[in-house]
Amino acid sequence: MNPTILIRLTAMGDVLLAVPTARALAAAGQEVHWVLHRRWAGLAPALPATHVHLLGGAADLLPLARRLRKLGPANVIDLQGKPASLALSAMIGVPTRRYGKRPWREEIAAARGVYPLHPTDPTPVWQRYAQVAGIVARAEDALLELKELGIREAAAWLSGKAGLKPGTFTLFHPSAAHPGKRIPQEGIAELLGRLPRPLVLVGDTDGTIVAGDGLVDLRGRTSMDMLPYIFYHSRGIISTDSGPMHLARAVGIPVAGIFFQTDPCLGFAPVPGERVKVVSKPLPCKPCSLHGKRQPCPLSTWACRDFAWPALAEELAAFIGCDA
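Residue numbers for the sequence shown, in our numbering: 30 to 353.
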């Protein structure tokens, strides 16, 4: 059977949401060649693909297209739908199935700041990817293919470099690339006071939390290729709507994802499972942003952050603790 070229370049969360589709294609006997942006090369060894091809800048497009054409692919599945993937699939020159994020009316509404956003298609993105590929994907196929060597090396690193015993620590990811996704200080304070120790900080640092008193700061200390294995050795994670939330789901640990400006109705919740908990307030103004980019709340209330934080912190601590 001729290979299938699967293009999902970025971002980390979207790449991981494509894992069930890649697994389903492989289970159907297809030889999957995944095209990934070089930024996420650390994930490549764990992706369910015969081979992962890395794309950097525009100068890489033609040489990569030539290499892929030599494979004699049957088709291209473009799950990116952006200029780079459009150009690459055109250069490969075989039949292409392409993912379209949302109708132009929704894009215009989002660009104008109209809210709440009402998605025409509420199907989760991981299932929409599978529909594009013409295959049925299963939630249980959302896991990365972790290697035993990586598991052992991460355990040794945790013990030797971070002073952490595998299987004993909880991950906490309170930040995000955009302000509308970040956990507010009140929530951070309550979670820090109730989550089980050792508590390990991951993601980007914003200067509001420092290590100490059972807190271990691994932000910026781990490479992308080691990160899935660090996650694998944890008890679970409390995270914002972000790449680390999806990474936790992809390694099979308990994950609680908290949504603020964004909303699961947009399709970007983690792939469902027994160890997945999604926290989001049902509000008439949500979602007010596709990606949490609003700096101020348009109603000046930040009602999406107005949780009963002490009770929620206890609930999430119990959720992580029950899988200890």
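Built from N, CA and C at the ideal position, the CB exists for glycine as well.
Exercise. What residue ranges within the stretch 219-288 form continuous beta strand (DSSP E) runs of no fewer than 3 residues, ordered along the chain?
Worked result: You should have 228-230, 244-246, 266-269 and 284-288.
Problem set entry | Start-end ranges of the beta strand (DSSP E) lying completely within the stretch 66-148, minimum 3 residues | Qualifying beta strand (DSSP E) stretches, in chain order: 80-84, 104-107 and 125-127.
Exercise. If you run the structure through DSSP and keep just helix, strand and coil, what is V307?
Worked result: DSSP places V307 within a strand segment (E or B) once states are collapsed to three.
For this session: Would you identify the three-state DSSP class for W331, choosing helix, strand or coil?
Result: Three-state result, W331: coil.
Exercise. Given 8 Å as the limit, is there contact between the stretch 200-217 and the stretch 159-177, that is, 3 or more CB pairs closer than that?
Worked result: Fewer than three Cβ pairs drawn from the stretch 200-217 and the stretch 159-177 lie within less than 8 Å of each other, which leaves the two stretches out of contact.
Exercise. Since I36 sits in a beta bridge, which residues does DSSP pair it with?
Worked result: According to DSSP, I36 shares a beta bridge with V64 and D107.
Exercise. Three or more C-beta pairs closer than 8 Å, one from the stretch 185-198 and one from the stretch 152-163: is that the case here?
Worked result: Judged by Cβ distances under 8 Å, the stretch 185-198 makes no contact with the stretch 152-163, as fewer than three pairs qualify.
Problem set entry | L200 - DSSP class collapsed to helix/strand/coil | Here L200 sits in strand by DSSP.
Problem set entry | Beta carbon of S318 nearer than 8 Å to that of Q290 | It is a contact, given that the beta carbons lie within the stated cut-off.
For this session: Could you check if K111 is buried or exposed, using at least 16 other CB atoms within 10 Å of its CB as the buried criterion?
Result: Exposure of K111 is indicated by the presence of fewer than 16 other C-beta atoms within 10 angstroms of its C-beta.
For this session: Please confirm if the stretch 268-276 is in contact with the stretch 289-304, defined as three or more CB-CB distances below 8 Å between the two stretches.
Result: In this structure the stretch 268-276 touches the stretch 289-304; the number of beta carbon pairs closer than 8 Å is three or more.
Problem set entry | CA-to-CA distance, M30 to R52, given in whole angstroms | Answer to the nearest angstrom: the Cα atoms are 16 Å apart.
Problem set entry | Min CB distance P301 to chain B below 8 Å | The chain inventory of the structure shown lacks chain B, comprising one protein chain alone.
Problem set entry | Among L224, L187 and T50, the one whose alpha carbon lies nearest that of V154 | For V154, the closest alpha carbon among the candidates L224, L187 and T50 is that of T50.
Exercise. Near C16, which residues of its chain fall below 8 Å by C-beta distance, leaving aside the five closest residues on each side in sequence?
Worked result: Nothing can be reported for residue 16, as the shown portion of the chain is limited to 30 through 353.
For this session: For the alpha helix (DSSP H) holding T152, just list the boundary residues, first then last.
Result: No alpha helix (DSSP H) holds T152; DSSP gives it neither H nor E.
For this session: Assign A353 to one of three DSSP states: helix, strand, or coil.
Result: Note on A353: pLDDT 40, under 50, position unreliable in the model; the coordinate value appears next. It is coil, neither helix nor strand.
Problem set entry | CB-CB length for H62 against L35, believed under 8 Å | That belief holds up - the Cβ atoms of H62 and L35 are roughly 7 Å apart, short of 8 Å.
Exercise. Along the chain, where does the alpha helix (DSSP H) that runs through P49 open and close?
Worked result: Segment V48 to A56, the alpha helix (DSSP H) holding P49.
Problem set entry | Identity of the residue in F198, F260, L295 and R68 nearest D270 by Cα | Each of F198, F260, L295 and R68 was checked against the Cα of D270, and the nearest Cα belongs to L295.
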